[in-house]
Amino acid sequence: MMSISLRNSMKLGKFSECEVVAGHSGVDRIIENITIMEVPDIVKWLKGRELILTSLFAIKNDKDAQNLLIQRLSYAGATALAIKPFESMEDIPEGIINSANKLGFPVIRIPEQVKYLDILSPVMHHIFNEKVVLQEDLEQATNVLQEISLNAQGVDVFVENVSTITKNLVTIESEFSFIKTPIPEQSVSPLSEAAKHELSIIKRPIRYERKYGDELVPCVVAPIIVDGEYYGNITCWAVKNEHLTMDLAILEKASSLLSLEFLRLKVKYDMEQQYRNDFMRELLFNESISENDLIEWGTKYSISKDNKYVCFLLDEDEKENTKQLIRKAEVNAKLLTEWPKMLIGMIRNRICMIHSVDERDLKETCEKIITNLSTQLDGHGLTLGVGEVYKGPLGIRKSFFQAEQALKLTKRIKDSKNIIYYEELGAFRLLGLLIEKPELMDFYDETIGKLLKHDPKGEFIKTLQAFFYHNEALKVTAEDLYIHVNTLKYRLKRVEEITNCDLRMSEDKMNIFIGMKIHELIQKE
Numbered sequence: 001m002m003s004i005s006l007r008n009s010m011k012l013g014k015f016s017e018c019e020v021v022a023g024h025s026g027v028d029r030i031i032e033n034i035t036i037m038e039v040p041d042i043v044k045w046l047k048g049r050e051l052i053l054t055s056l057f058a059i060k061n062d063k064d065a066q067n068l069l070i071q072r073l074s075y076a077g078a079t080a081l082a083i084k085p086f087e088s089m090e091d092i093p094e095g096i097i098n099s100a101n102k103l104g105f106p107v108i109r110i111p112e113q114v115k116y117l118d119i120l121s122p123v124m125h126h127i128f129n130e131k132v133v134l135q136e137d138l139e140q141a142t143n144v145l146q147e148i149s150l151n152a153q154g155v156d157v158f159v160e161n162v163s164t165i166t167k168n169l170v171t172i173e174s175e176f177s178f179i180k181t182p183i184p185e186q187s188v189s190p191l192s193e194a195a196k197h198e199l200s201i202i203k204r205p206i207r208y209e210r211k212y213g214d215e216l217v218p219c220v221v222a223p224i225i226v227d228g229e230y231y232g233n234i235t236c237w238a239v240k241n242e243h244l245t246m247d248l249a250i251l252e253k254a255s256s257l258l259s260l261e262f263l264r265l266k267v268k269y270d271m272e273q274q275y276r277n278d279f280m281r282e283l284l285f286n287e288s289i290s291e292n293d294l295i296e297w298g299t300k301y302s303i304s305k306d307n308k309y310v311c312f313l314l315d316e317d318e319k320e321n322t323k324q325l326i327r328k329a330e331v332n333a334k335l336l337t338e339w340p341k342m343l344i345g346m347i348r349n350r351i352c353m354i355h356s357v358d359e360r361d362l363k364e365t366c367e368k369i370i371t372n373l374s375t376q377l378d379g380h381g382l383t384l385g386v387g388e389v390y391k392g393p394l395g396i397r398k399s400f401f402q403a404e405q406a407l408k409l410t411k412r413i414k415d416s417k418n419i420i421y422y423e424e425l426g427a428f429r430l431l432g433l434l435i436e437k438p439e440l441m442d443f444y445d446e447t448i449g450k451l452l453k454h455d456p457k458g459e460f461i462k463t464l465q466a467f468f469y470h471n472e473a474l475k476v477t478a479e480d481l482y483i484h485v486n487t488l489k490y491r492l493k494r495v496e497e498i499t500n501c502d503l504r505m506s507e508d509k510m511n512i513f514i515g516m517k518i519h520e521l522i523q524k525e
C-alpha cells in the first residue's frame, strides 16, 4: 500500500486550506487510507494509519465520548482527525484539543467551504498512484507562477512564491553573475560539472542530495536551459517537508519560466555589452568622429577630456577560444566588482579595458587584474598588454595601440612576463613596427645572421647576450658563462671577424646590439 505523510498530504488540493489546531508534533504520521466517521463506534473498524474525517455530529451530545475520542483513535493507530464542525458547533471541543496536544495526535480544522471530497479525492489519488500529478494543483501552481513571471516582479519574488507553493526552501543558482539571484541563508554546495552536464542533457528535474549549510539534504534540482545550454538551476530542498511528485512538476514549470527570464536578462546584457563594444570601436578606430562627440557619447562611461586613462588588453594562451573564456569566467563581472567604472569590451578577439588611473597606481592595478582573473580562470595563461597613461579620448586611442603592440611583441620576446608595459619595451617598440619589413631581415642577415651560419649551435649568440647583459664587463661575463676570460676574448674577436664589426666602435657595437634585439623578436617564429 502506498502512503503519504500528513504534512505532505496537506499540500494537496484544498486540504492545503485546512489548519492543524492541535497535536502538531504528529504531523509526520503516515496516511494509508481515509475514513469518514459519522457513527459513534467506528473506532473498532479501524486498521491503523487512517485519516478520519468527521463533523462530530454523531457524538455532539456525548461529552464523555468526545473526551475519549482522541485516546481511542490514537490507541487504534489512526493518523489524524480532521473536523468540519457542524452548524451549531461554534468550535472544536476543548477536551479534544487537550487530549490531542497531550498525545501528539493531530487534529485538523476543515473550513466551511472545503468539502470532504476536496480532501479525500486528491489524497487518495496520491496514495493509490504516486505518479499522478493532480491537474487541479498543477494548473493552480502554473497560473500562480505564470502570473508572477508576467508581472515581472523579479527573481526574488518568484523564489518566495515557489517556496510557498512547495512549502519548502527554494534556491536559484546562476552560472552568470550578471543574472542576480537571491542569496540563501546558508551556504549551498555547488553542483559538480558532471551533474550540470547530466541536467543539460536530461533537461528535466532530478533528485539529488546536496549540502545545505553543514547538512546533506534531499532535493529536487531543475535545470534552467537557454539556447540549449545550462545557465543555472532552481532547487527545492526537503528541509521542511518531503518532496511530492507534484513538486517535480512545479519545478519543471518554474524552470521553464526562469529560462525565459534568464534569456531576457541575457539579451539585455548582450545589448548593453554590444553598445559598449560599439562605443569602444568608435573611440579607438573612427578618426572622423570629433573628440567632443566622443566625450558626449562616452558620458555614460565617465569619459572626459581632462581625465587620465590607460588601456589594457588581456590575452590568454591558445587552450581555449577567448570568447568562450569570457563567457565561462565572466571577466566583465569580475573586473567590474573591483572597478565599477572600468569600460570593458571585446576588441579584435581580446578583452579591452579602459580605466581612469594615475600613473602612480598603474602597476598595482595591473597586478590586481592579473591576480584576480588568474584565480577566477583556474590558472589559464593570461598576458596583459599595458599602454601608457594619457589624457582624454585621443589619449585612450594612443594607449590602446601601445597595449596592442606590447601584446604582439610579448609573443616574440623570450622569457616575457605576464604583464607587458609598453614604456618598458625600449628598442623593441621601434623594431616591432618593422617586423614585417624586408629591411629588418636584411639588417639581421648582415649582422647576427652571419654568426649563425658559422655557429649553428649559437655559442656566439649566448656569448653576446651575456656580454651585453653584464654591460660588457669581461670578468663577470666569463663567470656567468663558466669560461675563462681569454676564451671570452677569443669568442668576441671571432664575432668581430665574422660580422666585420668592431665592438670598441660605438656604431658597430650598436649594429650588433640591434641585431641581437631583432634575434629576440624573430627567434619564436
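Taking UniProt numbering, the leading residue of the sequence shown gets 1, the next gets one more, and so forth. We put the CB at the ideal spot given by N, CA and C, even for glycine. Computed from a predicted structure; not experimentally measured.
Taking only the alpha-carbon atoms, compute the straight-line gap between residue 4 and residue 340 and give it to the nearest angstrom.
Roughly 52 Å between the two C-alpha positions.
Residue span of the beta strand (DSSP E) that contains residue 232, given as start and end:
229-237
Pull up the DSSP beta-bridge partners for residue 355, would you.
Residue pairing by DSSP puts residue 355 in a beta bridge opposite 310.
Confirm, please, whether the CB-CB distance from residue 6 to residue 106 is below 9 Å.
yes
Is it the case that the Cβ atoms of residue 48 and residue 77 are separated by a distance below 9 Å?
yes
According to the neighbour-count rule (16 or more other Cβ atoms, all chains shown, within 10 Å of its Cβ), is residue 332 buried or exposed?
buried
Can you name the start and end residues of the alpha helix (DSSP H) that residue 478 belongs to?
474-481
Using a Cβ-Cβ cut-off of 6 Å (strictly less than) and excluding sequence neighbours within five positions of residue 460, which residues of its own chain qualify?
451 and 495
Could you tell me the distance, in whole angstroms, from the CA atom of residue 221 to the CA atom of residue 201?
Answer to the nearest angstrom: the Cα atoms are 14 Å apart.
Residue 191 (DSSP reduced to helix, strand or coil):
coil
Verify whether the separation of the beta carbon atoms of residue 34 and residue 123 is less than 9 Å.
Cβ atoms of residue 34 and residue 123: closer than 9 Å.
Please report the distance separating the alpha-carbon of residue 315 from that of residue 350.
6 Å
Can you tell me the Cα-Cα spacing of residue 366 and residue 419, whole angstroms?
7 Å
For the stretch 53-69 against the stretch 25-33, are there 3 or more C-beta pairs whose distance is under 8 Å?
The way I'd put it, the stretch 53-69 doesn't touch the stretch 25-33; fewer than three beta-carbon pairs between them come closer than 8 Å.
Backbone CA spacing between residue 225 and residue 265 [nearest angstrom]
13 Å
For the beta strand (DSSP E) that contains residue 35, what are its first and last residues?
33-37
Taking all protein chains shown into account, decide if residue 118 is buried (16 or more other Cβ within 10 angstroms of its Cβ) or exposed.
buried
Report the residue from 391, 183 and 297 whose alpha carbon sits nearest the alpha carbon of residue 159.
183
Give the secondary structure of residue 502 by DSSP, where H, G and I count as helix, E and B as strand, and everything else as coil.
Residue 502 falls in the coil class under three-state DSSP.
Any idea what DSSP makes of residue 315, helix, strand or coil?
Secondary structure of residue 315 (DSSP, three-state): strand.
Inter-stretch contact (C-beta, 8 Å, three-pair minimum) for the stretch 302-316 and the stretch 386-403:
yes
Buried versus exposed, by CB contacts within 10 Å (16 or more), residue 150
Caution applies to residue 150, whose pLDDT of 47 falls short of 50 and renders its modelled position unreliable; the model cannot decide the point.
Based on the DSSP secondary-structure assignment, which residues constitute the bridge partners of residue 223?
233
Assign residue 526 to buried or exposed, taking buried as 16 or more other Cβ atoms, counted over all protein chains shown, within 10 Å of its Cβ.
The shown model of the chain, from 1 to 525, leaves out residue 526, and the question about it has no answer.
Cβ shell of residue 84 (< 7 Å), same chain only, five flanking positions each side left out:
55 and 110
State buried or exposed for residue 70, treating a residue as buried only when at least 16 other CB atoms are found within 10 Å of its CB.
buried
Between which residues of its own chain and residue 328 is the CB-CB distance below 7 Å, once the five residues before and five after are set aside?
Its pLDDT being 46, under 50, residue 328 is placed unreliably by the model, and the measurement read from it follows with that caveat. No residues qualify anywhere along the chain.
9 Å Cβ cutoff met for residue 354 and residue 301
yes
Beta-carbon gap between residue 68 and residue 81 smaller than 9 Å
no
Residue 155: which of 166, 167 and 173 sits nearest, CA to CA?
173
Mind checking residue 231: buried by the 16 CB within 10 Å criterion, or exposed?
buried
Quick check on DSSP: helix, strand or coil for residue 120?
Look at residue 120 here: in three-state DSSP terms it is helix.
Starting from residue 392, trace the alpha helix (DSSP H) in both directions and tell me its first and last residue.
392-410
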